[in-house]
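J.: Keeping their order, the protein sequence lines are chains X and P.
The first sequence begins at 1 in our numbering and counts up by one.
The second sequence begins at 402 in our numbering and counts up by one.
Think of the CB as a built atom: it goes at the ideal place given N, C-alpha and C, for glycine as much as any other residue.
Got a structure for you, questions after.
Number of protein chains: 2
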Amino acid sequence: MIVQKYGGSSVATPEKIRGVAERIKQRVDRGEKLVVVVSAMGKTTNSLIALAEQVSPEPSPRELDMLLSTGEQVTSALLAMALCDMGIQALSYNAFQLGMTTTGGFTNARIMDLNLNKLKTQLNRRNVLVVTGFQGITQEGDVTTLGRGGSDTSAVAIAAKCGCRCEIYSDVAGVYTCDPNRCSGARKLEYITYDEMLELSSLGAKVLHSRAVEIAKKYSVDLYCASTFSDERGTHVVNSLPEWLEQPVVSGVTTDSNQTRVNISRLPRSASVMSTLFSGLAGKGVNVDMISTVNENGHSYLTFTVVDATEKTVLETVRESLAPWEGWSVSADRNVAKVSAVGVGMKSAPGVAARFFSALDRKGINMLGTTTSEIKISALVSRDDGEEALRALVEEFGLVE
Amino acid sequence: MIVQKYGGSSVATPEKIRGVAERIKQRVDRGEKLVVVVSAMGKTTNSLIALAEQVSPEPSPRELDMLLSTGEQVTSALLAMALCDMGIQALSYNAFQLGMTTTGGFTNARIMDLNLNKLKTQLNRRNVLVVTGFQGITQEGDVTTLGRGGSDTSAVAIAAKCGCRCEIYSDVAGVYTCDPNRCSGARKLEYITYDEMLELSSLGAKVLHSRAVEIAKKYSVDLYCASTFSDERGTHVVNSLPEWLEQPVVSGVTTDSNQTRVNISRLPRSASVMSTLFSGLAGKGVNVDMISTVNENGHSYLTFTVVDATEKTVLETVRESLAPWEGWSVSADRNVAKVSAVGVGMKSAPGVAARFFSALDRKGINMLGTTTSEIKISALVSRDDGEEALRALVEEFGLVE
């Protein structure tokens, strides 16, 4: 038994759906049993959101999930039809039918459980179950969705529960040392660790949803990413690289231009200021990154980054949280990009940070901030410098052919 | 508490959905609690069927229902959003959430039950529940649909279960003495009986789905049909006409051009031939109408009508069923139309059939067959004569102003 997931661009048209059905048929003909998780066709989710906004400028999150979940149901029914048409015993399943329960956080719910018995019983009688990705239900029976890219999470969660392998198919043939659309000569990685993949997927690489990688890591799911449209070999996401493989210091580099830098000047130096502020932001569900503070003349100067889309919420929350204090000011700057290098090899190779900083420095790129983890170094640069910074790192760490 | 139903043309665009929400708001402001049943937006169901046919020439019925049910879910979510946006406590509900169980006959299921407790509990806490029409689930949890026009049935079934009034809104302002698009001066009826409405809706008048009228009659549901787009008074469908109302002999006339006449010649005269044939057709779910037989020279000549769409199935079934016998031949003719006059007053007014036949005769219209019931007279005529036959009847029974 294997779980496969096909992304939106893989099922964008009836012809592509039949193409996916052909691929599945080849596997069934080899005697495999498949659970196939599907996304909504092409840009369907965006169209549905646009429809919702024509009806209500701020749609009810519960109703938005009810609306968006139809996209995956359409694909699952069509793919099951295409399979039946090829003589394969296939059945579509939605979140209700599979008991895919989640927390109640509409538009960004987290999977809690699924009805494994039902899934196994049905799969015993058939060759293929086609399951709606992205959606779940609460214990009260409300429809939820798992947030953008959530179909990856659905697939990995099912694979984790079933203790089987998970294959993620999309229009990208695997994980590369850097985005092949931006770096010519980018190399495809045969293996990458969960930890590296987690840093890469949360850093803006779009191959895999980071929640999916978290779950894969937690349950040691054998994860494989490859192209829907070719048979070339993809990338295995694993716990640790095979020993025979040469361990690179840096496995990949990535940029994220979807960042806003928030600057707060002349904060009073008090622990309660900071805790009030960050509790306020956490309360609104805002992820804060690259926090740095400087103290001068009895004041604090605070900088952090958030994703672009949350800017309005962040500024409002900052103003509310800091209302009891006076004299401070806040500003936001979208003209930034985050460049990062990731590699498990960093742990055992000293001097990687020095090489990283020198590479940017040689190109005259000014760093607005940095953060590091055991396997990652990130720098914030001006958005205009993002591409050049990426090229500098690619050259420095020998990531292109 | 009141059940309302809005048809596809009433919710065809985001603007129209907001318009429906405004109408609902007026009722809520008067303190009413509403269960609102919705159809898919405009031509959505047709588009989904076209999509299915691109994937599979004969889509699996189970998967087709899974696909089509998304149309109503989209509308219910959008209408609930629009209501929430106007400050009304509204919640969308699909067949799963409402426990709307049906028989397992995909694409043409029949409602068996719904979770009344859940509906009442939710409605106690809120003003409006927006429920997906047309869809149900089997006891095993598969998605079913109720056949074309099934949202009327959903609405009436909920009203029957709740013991409340049911209002059906569409782009037609009520039930007329004949189709206002074909007879200028057609009068809107203030009242019509269930029995008359049943004859009219199964005879091709498109105001109400006949299953819905059957259920309304069985449970004496107070049924009201009116326009979504105006406030003019609609039509009440009732058990018997109010006594103060002048009882018309004929309440309405209708034509149905969606009929095929099947002729079978030189059948052996044997009861087992007929029972084999009609059991075969019943086994395929074909509704047969206007059956007539003539015996001549030791053979039977049989004629009956079926709806156009079943022609292929019917001819195949006839050939299979009659295979044990020889010498007969079968042909099908689509060039027919059925014209009918309906009225409870017929029961007590002799000579209505004579007036009906004379009216057609005076226009030189040849009748290919006739059937009558206590409250209905139908004649089969050439399709070209359909319109003129309708006008003859309208004049004869004084149905226009």
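#1: Would you check if the distance between the CB atom of X:Thr254 and the CB atom of X:Glu190 is smaller than 8 Å?
#2: Using 8 Å as the threshold, is the C-beta distance between X:Val330 and X:Val288 below it?
#3: Could you give the first and the last residue of the continuous beta strand (DSSP E) run that contains X:Thr254?
#4: Residue range of the alpha helix (DSSP H) that X:Met313 falls in?
#5: Give me the Cα-Cα distance between X:Pro248 and X:Lys338, rounded to the nearest whole angstrom.
#6: Listed from N- to C-terminal order along the chain, which residues in the stretch 450-461 of chain P have their beta-carbon within a distance smaller than 7 Å of any beta-carbon of chain X?
#7: Which runs of the beta strand (DSSP E), 3 residues or longer, sit entirely within the stretch 552-605 of chain P?
#8: Express the C-alpha separation of X:Met290 and X:Glu402 in angstroms, rounding to a whole number.
#9: At the level of alpha carbons, what is the spacing between P:Leu465 and P:Thr545?
#10: Name the DSSP bridge partner or partners of P:Glu697?
#11: Please tell me whether P:Ser555 has its Cβ less than 8 Å away from any Cβ of chain X.
#12: Can P:Val782 and P:Leu769 be called in contact, C-beta distance under 8 Å?
#13: Would you report the Cα separation of X:Ser292 and X:Met346, rounded to the nearest angstrom?
#14: Look at P:Thr803 and P:Asp709 and say whether their C-beta atoms are less than 8 Å apart.
#15: Any contact of the stretch 629-646 of chain P with the stretch 671-688 of chain P, i.e. 3+ C-beta pairs under 8 Å?
#16: Can you check which of these residues, X:Thr75, X:Glu140, X:Gln89, is closest to X:Leu34 by C-alpha distance?
#17: Determine contact between the stretch 475-489 of chain P and the stretch 535-545 of chain P, defined as no fewer than three beta-carbon pairs at a distance below 8 Å.
#18: When the Cα of X:Tyr301 is compared with those of X:Gly105, X:Ser270, X:Gly283, X:Asp385, which residue comes out closest?
#19: Could you tell me whether any non-hydrogen atom of the ligand GDP is closer than 7 Å to the CB of X:Asn94?
#20: Strictly by DSSP, which residues pair up with P:Cys626?
#21: Specify the secondary structure class of P:Phe705 as computed by DSSP and reduced to three states.
#22: Of all the options X:Phe356, X:Tyr6, X:Arg27, which has the alpha carbon lying nearest to the alpha carbon of X:Ile17?
#23: P:Ala760: buried (16+ other C-beta within 10 angstroms of its C-beta) or exposed?
#24: When burial is assigned at 16 or more other CB atoms within 10 Å of the CB, is P:Leu646 buried or exposed?
#25: On the DSSP bridge assignment, give the partners of P:Val740 in chain order.
#26: Between which two residues does the alpha helix (DSSP H) carrying P:Met501 extend?
#27: Measuring straight from C-alpha to C-alpha, what distance separates P:Phe805 and X:Val38?
#28: For chain P, check one thing: does any of its Cβ atoms lie closer than 8 Å to the Cβ of X:Ala186?
#29: Assuming X:Val342 and X:Ser251 are in contact, meaning their beta carbons sit under 8 Å apart, how far apart are those beta carbons, in whole angstroms?
#30: Assuming P:Gln523 is part of the alpha helix (DSSP H), what are its boundary residues?
#31: Assess contact between the stretch 155-162 of chain X and the stretch 113-126 of chain X, defined as three or more Cβ pairs (one per stretch) separated by less than 8 Å. Is contact present?
#32: Rounding to the nearest angstrom, what Cα-Cα distance links P:Glu568 and P:Thr445 in this structure?
#33: When you compare the CB of P:Glu464 with every CB in chain X, is at least one pair closer than 8 Å?
#34: Taking X:Val400 as the reference, give the member of X:Asp179, X:Val3, X:Leu67 with the closest Cα.
#35: Taking DSSP's pairing of strands, which residues face X:Ser92 in a bridge?
#36: By a C-beta neighbour count over all protein chains shown, 10 Å radius and 16 as the cutoff for buried, is P:Pro751 buried or exposed?
T.: By the coordinates alone:
#1: To locate residue 254 of chain X, count along the first sequence from 1; it is residue 254. To locate residue 190 of chain X, count along the first sequence from 1; it is residue 190. Taking a C-beta distance under 8 Å as the contact criterion, X:Thr254 and X:Glu190 do not qualify as a contact pair.
#2: As a first step, residue 330 of chain X must be located in the first sequence, where it is residue number 330. As a first step, residue 288 of chain X must be located in the first sequence, where it is residue number 288. With contacts defined by Cβ atoms closer than 8 Å, X:Val330 and X:Val288 do not form a contacting pair.
#3: Position 254 of the first sequence, counted from the first residue, corresponds to residue 254 of chain X. Counting along the chain, the beta strand (DSSP E) containing X:Thr254 begins and ends at 252-256.
#4: Numbered from its first residue, the first sequence carries residue 313 of chain X at position 313. Residue identity differs from the one stated: residue 313 of chain X is Thr in this sequence, not Met. Segment 311-321, the alpha helix (DSSP H) holding X:Thr313.
#5: The residue you call residue 248 of chain X lines up with position 248 of the first sequence. The residue you call residue 338 of chain X lines up with position 338 of the first sequence. The straight-line gap from Cα to Cα measures roughly 22 Å.
#6: Taking 7 Å as the Cβ-Cβ cut-off, the stretch 450-461 of chain P approaches chain X at Leu452, Ala453, Gln455, Val456, Ser457, Pro460, Ser461, given in chain order.
#7: If one requires a minimum length of 3 residues, the beta strand (DSSP E) runs lying completely within the stretch 552-605 of chain P are 566-571, 592-594, in chain order.
#8: Here chain X comprises residues numbered 1 to 401, so residue 402 of chain X is not present and cannot be evaluated.
#9: As a first step, residue 465 of chain P must be located in the second sequence, where it is residue number 64. As a first step, residue 545 of chain P must be located in the second sequence, where it is residue number 144. Each residue's alpha carbon lies about 9 Å from the other.
#10: Counting from one through the second sequence, the residue named residue 697 of chain P turns up at place 296. P:His700, per the DSSP bridge assignment.
#11: Counted from its first residue, the second sequence places residue 555 of chain P at position 154. Judged by the 8 Å Cβ criterion, P:Ser555 is not in contact with chain X.
#12: Here residue 782 of chain P corresponds to residue number 381 of the second sequence, with the count starting at 1. Here residue 769 of chain P corresponds to residue number 368 of the second sequence, with the count starting at 1. Contact: yes.
#13: Counted from its first residue, the first sequence places residue 292 of chain X at position 292. Counted from its first residue, the first sequence places residue 346 of chain X at position 346. So the two alpha carbons sit approximately 23 Å from each other.
#14: Any question about residue 803 of chain P goes unanswered here, given that chain P covers just 402 to 802.
#15: Counting C-beta pairs with one atom in each stretch, the stretch 629-646 of chain P and the stretch 671-688 of chain P have fewer than three that are closer than 8 Å, which means they do not touch.
#16: As a position in the first sequence, residue 34 of chain X is number 34, starting the count at 1. When only C-alpha atoms are compared, the closest one is X:Gln89.
#17: The stretch 475-489 of chain P vs the stretch 535-545 of chain P: no contact.
#18: Within the first sequence, residue 301 of chain X is the residue found at index 301, counting from 1. Out of X:Gly105, X:Ser270, X:Gly283, X:Asp385, X:Ser270 has the C-alpha closest to the C-alpha of X:Tyr301.
#19: Judged by which ligands are present, the structure shown has none, so any question about the ligand GDP falls away.
#20: Reading the second sequence from its first residue, position 225 is the one you call residue 626 of chain P. Paired residue(s): P:Ile569, P:Thr636.
#21: Within the second sequence, numbered from 1, the residue matching residue 705 of chain P stands at position 304. Strand.
#22: Indexing the first sequence from 1 puts residue 17 of chain X at position 17. Of X:Phe356, X:Tyr6, X:Arg27, the residue nearest in Cα terms is X:Tyr6.
#23: Locating residue 760 of chain P in the second sequence gives position 359, counting from the first residue. Label assigned to P:Ala760: buried.
#24: As a position in the second sequence, residue 646 of chain P is number 245, starting the count at 1. With fewer than 16 neighbouring CB atoms inside 10 Å of its own CB, P:Leu646 falls in the exposed class.
#25: For the purposes of this step, residue 740 of chain P is identified with residue 339 of the second sequence, where counting begins at 1. According to DSSP, which records beta bridges pairwise, P:Val740 is partnered with P:Thr656, P:Ala780.
#26: Residue 501 of chain P sits at position 100 when you count from the first residue of the second sequence. Unbroken run through P:Met501: none, as it is neither H nor E.
#27: Any answer about residue 805 of chain P is impossible in this case: the structure gives chain P only from 402 up to 802.
#28: Your numbering for residue 186 of chain X matches position 186 in the first sequence. Chain P contact via Cβ: absent.
#29: Taking the first residue of the first sequence as 1, we reach residue 342 of chain X at position 342. Taking the first residue of the first sequence as 1, we reach residue 251 of chain X at position 251. Taking the Cβ atoms as the reference, X:Val342 lies roughly 6 Å from X:Ser251, within the contact range of under 8 Å.
#30: If you number the second sequence from 1, residue 523 of chain P lands on position 122. It spans 517-526 - the alpha helix (DSSP H) in which P:Gln523 sits, taken as one unbroken run.
#31: These segments touch.
#32: Locating residue 568 of chain P in the second sequence gives position 167, where the first residue counts as 1. Locating residue 445 of chain P in the second sequence gives position 44, where the first residue counts as 1. Roughly 23 Å between the two C-alpha positions.
#33: Locating residue 464 of chain P in the second sequence gives position 63, counting from the first residue. By this cut-off, P:Glu464 is an interface position.
#34: Locating residue 400 of chain X in the first sequence gives position 400, where the first residue counts as 1. Taking only the C-alpha atoms, the option nearest X:Val400 is X:Asp179.
#35: Sequence index remark: in the first sequence, residue 92 of chain X carries index 92 (1-based). Looking at the DSSP assignment, X:Ser92 forms a beta bridge with X:Val130.
#36: Here residue 751 of chain P is taken as the residue at index 350 of the second sequence, counted from 1. P:Pro751 should be labelled exposed.
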